[in-house]
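Going by numbering that gives the first Met the number 0, the first residue of the sequence shown is number 0, and it counts up by one from there.
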Amino acid sequence: MKKIISMAMVIVMLLSISTVYAFTDMPTDQKSATAMENAVKNGLLNGVSETSIAPNDSLTRAQMAAIITRCLGVTKTADVSAFPDLVKTEWYYDSIQKAVAIGALNGSDGKMLPDTEITVEQAFTVVARVFDLQYKKDDASNGFADASKISDWAKDSINKIVFGGYWEATGNLNPQKPITRAEFAILMDNMVKEYITQPGTYNTLPNGNVVIKCEGVTISSASTTGDIYIADAVTGTTVVENTTAERVVIRGGSCKVSGTFGWVRAVEDNTKIILGNVQIKETKDGSKGKIYSDKTKTNCKIDLGKIKL
Numbered sequence: 000m001k002k003i004i005s006m007a008m009v010i011v012m013l014l015s016i017s018t019v020y021a022f023t024d025m026p027t028d029q030k031s032a033t034a035m036e037n038a039v040k041n042g043l044l045n046g047v048s049e050t051s052i053a054p055n056d057s058l059t060r061a062q063m064a065a066i067i068t069r070c071l072g073v074t075k076t077a078d079v080s081a082f083p084d085l086v087k088t089e090w091y092y093d094s095i096q097k098a099v100a101i102g103a104l105n106g107s108d109g110k111m112l113p114d115t116e117i118t119v120e121q122a123f124t125v126v127a128r129v130f131d132l133q134y135k136k137d138d139a140s141n142g143f144a145d146a147s148k149i150s151d152w153a154k155d156s157i158n159k160i161v162f163g164g165y166w167e168a169t170g171n172l173n174p175q176k177p178i179t180r181a182e183f184a185i186l187m188d189n190m191v192k193e194y195i196t197q198p199g200t201y202n203t204l205p206n207g208n209v210v211i212k213c214e215g216v217t218i219s220s221a222s223t224t225g226d227i228y229i230a231d232a233v234t235g236t237t238v239v240e241n242t243t244a245e246r247v248v249i250r251g252g253s254c255k256v257s258g259t260f261g262w263v264r265a266v267e268d269n270t271k272i273i274l275g276n277v278q279i280k281e282t283k284d285g286s287k288g289k290i291y292s293d294k295t296k297t298n299c300k301i302d303l304g305k306i307k308l
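Set out below in structure tokens:
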């Protein structure tokens, strides 16, 4: 992978690493510890104090809003002044404005409930929605011993999460239990294997999802079994050329795309697919992929090029 890392970026990375080791309550199991370390390193999660990361505390709606919007570099905001339980001077206000703007959070009975714990099935539903998950098998979640406890409205999202390999369907899911900060960190760590935050040309990708969060990125002659996400933070044109991936999902800016994919999807306002020589392959769930733009969004377009079906 070719990329230029500035001295400032190196300093930020070193500070992130030192911050992780300042927490005295990091989990002892490897999976949770790695996920929490990555969440801190990637700027998704902060400590509750200078020495505590509180891995076993329940995640609140406000905390989840902050993690999701940091992950995608969301900049647009919604007017949330109608919710009487939101305090404009609180730390969470900006994150909730952003989460509402992208449809990650909705109110309940006229309230936003920022300090209310979020359940496992609620968290899985939000993640499946913002990552635009499409593939599923209707019985994917049957491996959970307590699959019968999953609410009907959450089954589709949980099936997508499990089928995508982002959570293993073994033991109990405890769908209506509050999700812990460590559990949500694990889910996010499974969802995103790498964040690209520096401009440059990238020739290799991990097998897993990649989120591009900056301008000036070209993915060239690369291959991955995962998805390539162009994050909300991007407003310019990203290039994905001669590349094979499961999907390209454009949440921000435009993408010049050529290669072999299951789906190429533009899913947010002011996004555009600029098609080069694209071959659509069979998707992970065995269906035929598509080139798609969300017609419910404003200025969400496809510029037609060469498509081989």
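Ideal placement from N, C-alpha and C gives every residue a C-beta, glycine not left out.
It should be emphasised that the depicted structure is a prediction, and the values quoted were computed from it without experimental measurement.
Query: Val262 (DSSP reduced to helix, strand or coil); Result: One detail in the question is off: residue 262 reads as Trp in this sequence, not Val. DSSP places Trp262 in strand when its eight states are reduced to three.
Query: Spatial distance of Asp56 from Asp24 (CA atoms); Result: 11 Å
Query: Chain C within 8 Å of Asp24, Cβ atoms only; Result: This model lacks chain C altogether; it includes just one protein chain.
Query: Local conformation of Cys70 per DSSP, three classes; Result: helix
Query: Presumed contact (8 Å Cβ cut-off) between Gly207 and Ala232, rounded CB distance; Result: Not quite, the Cβ-Cβ distance comes to about 20 Å (not below 8 Å), so this is no contact.
Query: Paired residues, beta bridge with Arg246 - DSSP; Result: Asp226, Trp262
Query: Spatial neighbours of Ile227 in its chain, beta-carbon cut-off 8 Å, leaving aside the 5 residues before and after; Result: Leu204, Asn208, Val209, Ile211, Ile218, Val239, Thr242, Ala244, Arg246, Val247, Val248
Query: Inter-residue Cα distance where the pair is Lys75 and Asp302; Result: 24 Å
Query: According to DSSP, residues forming a beta bridge with Glu309; Result: Because the chain spans 0 through 308 in this model, residue 309 falls outside it and cannot be assessed.
Query: Option in Ala139, Ile52, Asn105 with minimal Cα separation from Asp78; Result: Asn105
Query: Own chain partners of Gly46 with C-beta closer than 7 Å, once the 5 adjacent residues on each side are dropped; Result: Phe22, Ile52
Query: Other residues of its chain near Thr310: CB distance less than 6 Å, five sequence neighbours each side excluded; Result: This structure cannot speak to residue 310, because the chain is shown only from 0 to 308.
Query: Pairwise C-alpha distance: Asp188 and Ile272; Result: 27 Å
Query: CB of Tyr134 within 8 Å of CB of Gly163, strictly; Result: yes
Query: Sequence-distant residues of the same chain with beta carbon closer than 6 Å to Thr297, five excluded per side; Result: Asp268
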